[in-house]
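I have placed the structure first, in the form of structure tokens, so that the comments after it can refer back to it.
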Amino acid sequence: PARPPLGAYDAESLARCRRGTAVYCLAAGMLLLAFGALDRTRFPGATGALLLVRGAGAAALGLLLVLLRTRPGSRHPRALGVIAAATTGAIEEVLAFAAGGGLQGAESPIDLGTTFAMLGAAVLIPWSPVWSAFACVLVVGEYVGTAIGTGRAAGLLFDDKLTLFVAVGVVAVVITAVLDRRRWREFLRTWALAAVHREAREREKRYRSVVETAGSIIVVLAPQGSVTEFNREAERVLGWSQEAAVGQDFLSSFVTEASRATVAADIRMALAGEPTRAFEARLLARDGGERVMACGTTRLVDDDGRAVGVLLCAQDVSERKRVEEALRESEARLRAVIDEAPVVLFALDRAGTITFSGGKGLARLGLEPGLRVGQPIGDALARTFAPAQAYFDRAFAGEPVAWTGSLGDDATFECRLMPVADGRGGLAGIMGVAIDVTERKQAEDARLALERRLLEAQKLESLGVLAGGIAHDFNNLLVSVLGNASLALGELPSHAPACEALRRIERAARRGSELTREMLAYAGKDTIALERVDVNAVVAETSDLLSVSIGSKVAMAYDLAPGLPAIEADPIQIRQVIMNLVINASEAIGGAEGTITVCTGVVELGPEALRETLHPPEAAPGPHVCVEVRDTGCGMDAATAAKVFDPFFSTKFTGRGLGLATVLGVVRGHRGALAVTSAPGQGTTFRVYLPAAGAAARVEPPAAAGAPGPGEGREERTVLLVDDEEDVRAVTAHMLERLGCSVLQAGDGREGVDVFRAHARRIDAVIVDLTLPRLSGDRVFREIRTIRPDACVILMSGYSDEKATGPLAEAGLAGFLRKPFSVADLEKALGGAAREGD
């Protein structure tokens, strides 16, 4: 590169060079004079040589004073040392040697390429014709010759006249300096510039080393935007060679269109001297690819502060951006999973302050992601934190913890707390995850409730089988007891002493019949006869009976809502439910003073409320009439309340019957629901929910008037009696005969059909039991109707009429006789069947 002008170097450097030159000239002169007194005895055969040389790339010639020693018998003297040098840089050419002094030849006392910095300090003497001629004339020795203006000169030898030569040389230097002051000043200036150039070249070398080995792209731009420098990293990343890149317009050749405006604006700011900042831009590679760069610019100025260009430094961040983008995508996917998953993720510092929160489960707690960051966990979950305090304490002690519990009013979470250690092994905080298992818990509760209902249904089924067997066998016994008592009463005069005993037997038999009905009602085996019922009217009709059924210190209170919708129910069973609940409340109060309140109203029972009650599977949400019986008694704990409707459980003494169990059975039979609320010392409240009637209920026809007594204006009839119990057949046949009937008997269903077939024309009525061996009662009915379609058939059973008859009523069944029965019941059934036949 071209050397900069003198003005490019500061005055201090030039002054330093001038001072050094003056000192060196003085030292060189003294040194030359010292050699004038050289003791030839110490250096035998020593001679001196004054050589003219040219430095590499230098226009000026140099002057060397070399002390030589010639070995005996050798043509080539050996250099003892360099006395002075008058040029800089490497020696490019020794211009001349003395012919007579043995310096001609291939071997030179000074190697070509040796720098004067190695040989010693340099004195730069400008080459001029004046100095050349003066030196050649005054020097003592053989004149070799000179070629002025050709860039070559002669070398001079001297031997025994060394002192004179040195003196003349010093004088020549002084005279030259005085006579040619302009050239001497030029010499000093050139010497100073050479030193400055040497320093500049060193700086340039260091600059180039830094630029070319830098790991960043470095591009120098001219003010008009063309590339002036392009380092190796730029070549590697962008694929351009330095030769191809220099001179190109940077914006159009190296910057994408999307980033061009940003880069141009930053370059303009740098040239204007305005503060710039780091920015990102996309640069174009030679192959058309794009590289994401983190860039910065710096203004370049000259000595006068004028902008001469812009240095742009860029770091390839394409891979980092790709990794960042992949990380952002991964974080976005993770965030999407967290935001949609029913979880709560949170982090606490060791002081218990929330540093992070997220997850869809926060909505269950009425919170938003990040809403409570910066708050203590105890404040964020103030209402529900107390039960979890112990778990957090264990976690802060360094123990991983897991538990399932409530973190909200109606939210259940599976929680895990994991201690997080810091770099020193201490506790940095806690990471927590809480999985919302509310729906799973609800599903589990529903499953358990279903299991309980299934177990209850299985228990009811078992009880139903048991109750059915008991009802059948026990009612057959009661038929014999009640029938014989009724016959005996009919044969005795009313004032006979045995009549009262027979009436007590009859009442006991009827109470036994009621007991079987209660068992059947609990088991759901006793189908009810539905009709439209006004619950308020039932309560009012039962109030007198309720008053005499409770303790003397217990008061009754009523709160009946007006305008209740009707329900479809059996009024007798509804009355029984109210009676049983009131009697149970009275027993809970005991001998203390208390109050029993009966309330009615309308309730919209939703699915959630329905799940909290005891109800059959067919119960449905909707409007329900509620009958509430509330007492001020001793109350119950939760364990007792859970078993209060069990027929085999009672808090009273043994033998209290099936009061509350019957209530549950009746409510189930009406597709209703039942709930109980109680606490020790706070009384108990029973609520019975019965579905409001949505359509007109089937109205039962009024009971027919009793048929006339035996022999009262009626002809003798023939009745076929079919029952597998001999005692039942005997007493029933006796009662029929008492009523003036002729009786045919059969012990099973098949026999009954055969007897009817044999006497079909003379049989007026058939009384058949529902449960028979060989052929059931309903099959007997159908076969008899097949034999004679107008046959009058009465079905008898321990079940209710609807449960027993079912679809037979529509097939022409004449009547139903429920066991046990008296003569009057039998007579009524026959009378009704006779009218049905008419």
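Each residue of the sequence shown is one higher than the last, beginning at 8 in my numbering. Built from N, CA and C at the ideal position, the CB exists for glycine as well. Fair warning: this is a prediction, and the values are worked out from it, not measured in the lab.
For this session: State the Cα-Cα distance for the pair L473 and V440, rounded to the nearest angstrom.
Result: On the sequence shown, position 466 is the one that residue 473 refers to. On the sequence shown, position 433 is the one that residue 440 refers to. Whole-angstrom Cα-Cα distance: 53 angstroms.
Problem set entry | Given 8 angstroms, three or more beta-carbon pairs between the stretch 581 to 592 and the stretch 634 to 644 | yes
For this session: Using DSSP bridges, identify the partner residues of V729.
Result: Your numbering for residue 729 matches position 722 in the sequence shown. Answer by DSSP bridge pairing, in chain order: A753 and V775.
For this session: Please say whether S223 and G871 have beta carbons closer to each other than 7 angstroms?
Result: Any question about residue 871 goes unanswered here, given that the chain covers just 8 to 845.
Problem set entry | Touching by the beta-carbon criterion (3+ pairs, under 8 angstroms), the stretch 250 to 265 and the stretch 279 to 286 | no
For this session: Give the secondary structure of L553 by DSSP, where H, G and I count as helix, E and B as strand, and everything else as coil.
Result: Numbered from 1 along the sequence shown, position 546 holds the residue referred to as residue 553. In this structure, L553 counts as helix in the three-state DSSP scheme.
Problem set entry | Buried or exposed (CB count within 10 angstroms, at least 16 for buried), R371 | Counting from 1 along the sequence shown, the entry for residue 371 is found at position 364. The C-beta of R371 has 16 or more other C-beta atoms within 10 Å across all chains shown, which makes the residue buried.
Exercise. Start and end of the beta strand (DSSP E) containing P698?
Worked result: For the purposes of this step, residue 698 is taken as residue 691 along the sequence shown, with counting starting at 1. P698 -> beta strand (DSSP E) spans T691 to P698.
For this session: With a cut-off of 8 angstroms on the beta carbons, I'd call A516 and A547 a contact; round off their distance for me.
Result: Taking the sequence shown and counting its residues from 1, one reaches residue 516 at position 509. Taking the sequence shown and counting its residues from 1, one reaches residue 547 at position 540. Contact doesn't hold; Cβ gap of about 31 angstroms is too wide.
Problem set entry | Proximity of V651 and L667 at Cβ, strictly below 7 angstroms | Position 644 of the sequence shown holds residue 651. Position 660 of the sequence shown holds residue 667. Contact: yes.
Exercise. Would you report the Cα separation of G365 and S337, rounded to the nearest angstrom?
Worked result: Here the question's residue 365 lines up with position 358 in the sequence shown. Here the question's residue 337 lines up with position 330 in the sequence shown. Taking the straight line joining both Cα atoms gives about 16 angstroms.
Problem set entry | Bounding residues of the alpha helix (DSSP H) (the contiguous stretch that carries R342) | Position 335 of the sequence shown holds residue 342. Taken as a continuous stretch (DSSP letters only), the alpha helix (DSSP H) holding R342 covers S325 to E347.
Exercise. Where does R284 fall in DSSP's three states?
Worked result: Within the sequence shown, the letter at position 277 stands for residue 284. In the structure shown, R284 sits in coil (DSSP, three-state: anything other than H, G, I, E or B).
For this session: Please go through the same chain and pick out, in chain order, the residues whose beta-carbon is closer than 6 angstroms to the beta-carbon of R267, but skip the five residues on each side of it.
Result: Numbered from its first residue, the sequence shown carries residue 267 at position 260. For R267, where only same-chain residues beyond five positions count, the Cβ hits under 6 angstroms are L258.
Exercise. For G412, does the three-state DSSP call read helix, strand or coil?
Worked result: Mapped onto the sequence shown, residue 412 falls at position 405. Correct three-state label for G412: strand.
Problem set entry | V542 - DSSP class collapsed to helix/strand/coil | Against the sequence shown, residue 542 aligns to sequence position 535. Note: V542 maps to helix in three-state DSSP.
For this session: Pull up the CB-CB distance for T602 and A564, whole angstroms please, since I reckon it's below 8 angstroms.
Result: Within the sequence shown, numbered from 1, the residue matching residue 602 stands at position 595. Within the sequence shown, numbered from 1, the residue matching residue 564 stands at position 557. With a Cβ gap of about 6 angstroms, T602 and A564 count as contacting.
Exercise. Looking at P614 and P628, is the spacing between their C-beta atoms short of 7 angstroms?
Worked result: The residue given as residue 628 occupies position 621 in the sequence shown. The residue given as residue 614 occupies position 607 in the sequence shown. Closer than 7 angstroms, so yes.
Exercise. For T523, which residues of its own chain have a beta-carbon under 7 angstroms away from its beta-carbon, when the five flanking residues on both sides are left out?
Worked result: Walking along the sequence shown from the start, residue 523 turns up at place 516. So the qualifying residues of the chain are I477, A478, F481, N482 and G805.
Exercise. Candidates A700, V351 and G822: which alpha carbon is nearest L777's?
Worked result: Counting from 1 along the sequence shown, the entry for residue 777 is found at position 770. Among A700, V351 and G822, the Cα nearest to that of L777 belongs to G822.
For this session: Express the C-alpha separation of V762 and P780 in angstroms, rounding to a whole number.
Result: Counted from its first residue, the sequence shown places residue 780 at position 773. Counted from its first residue, the sequence shown places residue 762 at position 755. Distance between the alpha carbons of P780 and V762 is about 16 angstroms.
Problem set entry | Among S469, T445 and A272, the one whose alpha carbon lies nearest that of K367 | Sequence index remark: in the sequence shown, residue 367 carries index 360 (1-based). Of the listed residues, the one whose Cα sits closest to K367 is T445.
For this session: Could you tell me the distance, in whole angstroms, from the CA atom of V610 to the CA atom of H631?
Result: On the sequence shown, residue 610 is found 603 positions in, with the first residue counted as 1. On the sequence shown, residue 631 is found 624 positions in, with the first residue counted as 1. Roughly 5 angstroms between the two C-alpha positions.
Exercise. Starting from D443 and walking both ways along the beta strand (DSSP E), at which residues does that stretch end?
Worked result: Here residue 443 refers to the residue found at position 436 of the sequence shown. Counting along the chain, the beta strand (DSSP E) containing D443 begins and ends at L434 to D443.
Exercise. Within this structure, are the beta carbons of V847 and A435 separated by less than 7 angstroms?
Worked result: Nothing in the structure corresponds to residue 847, since the chain is present only between 8 and 845.
Exercise. Quick one, are the C-beta atoms of G756 and L782 less than 7 angstroms apart?
Worked result: Here residue 756 is taken as the residue at index 749 of the sequence shown, counted from 1. Here residue 782 is taken as the residue at index 775 of the sequence shown, counted from 1. Yes, the Cβ-Cβ distance between G756 and L782 is below 7 angstroms.
Exercise. Is the stretch 536 to 544 touching the stretch 570 to 584 in the sense that three or more CB pairs, one from each, lie closer than 8 angstroms?
Worked result: Contact holds: three or more Cβ-Cβ distances are below 8 angstroms.
For this session: Please name the residue in R745, V775 and I770 whose C-alpha comes closest to that of R795.
Result: Counting from one through the sequence shown, the residue named residue 795 turns up at place 788. Closest option to R795, Cα to Cα, is I770.
For this session: Using three-state DSSP, classify G672 as helix, strand or coil.
Result: Taking the sequence shown and counting its residues from 1, one reaches residue 672 at position 665. If DSSP states are grouped into helix, strand and coil, G672 belongs with the helices.
Exercise. Would you call A321 buried or exposed, if buried means 16 or more other Cβ atoms sit within 10 Å of its Cβ?
Worked result: Here residue 321 refers to the residue found at position 314 when the sequence shown is read from its first residue. By the 10 Å Cβ count, A321 comes out buried.
Exercise. Roughly how many whole angstroms lie between the Cα atoms of L621 and D734?
Worked result: As a first step, residue 621 must be located in the sequence shown, where it is residue number 614. As a first step, residue 734 must be located in the sequence shown, where it is residue number 727. About 42 angstroms.
Problem set entry | Candidates L341, F828, R460 and R789: closest to G519 by CA position | If you number the sequence shown from 1, residue 519 lands on position 512. Per the Cα distances, F828.
Exercise. Mind checking whether L824 and I801 have CB atoms under 7 angstroms apart?
Worked result: The residue you call residue 824 lines up with position 817 of the sequence shown. The residue you call residue 801 lines up with position 794 of the sequence shown. A contact, by the Cβ cut-off of 7 angstroms.
Exercise. Counting pairs of Cβ atoms below 8 angstroms between the stretch 394 to 411 and the stretch 316 to 336, do you hit three or more?
Worked result: By the C-beta criterion, the stretch 394 to 411 is judged not to be in contact with the stretch 316 to 336, since fewer than 3 inter-stretch pairs fall below 8 angstroms.
Exercise. Secondary structure at P51, three-state DSSP: helix, strand or coil?
Worked result: For the purposes of this step, residue 51 is taken as the residue at position 44 of the sequence shown. Only weak support exists for where P51 lies, its pLDDT of 46 falling under 50; the value from the coordinates is given anyway. DSSP places P51 in coil when its eight states are reduced to three.
For this session: Check E406 in the structure and name its three-state DSSP category.
Result: Counting from one through the sequence shown, the residue named residue 406 turns up at place 399. It is coil, neither helix nor strand.
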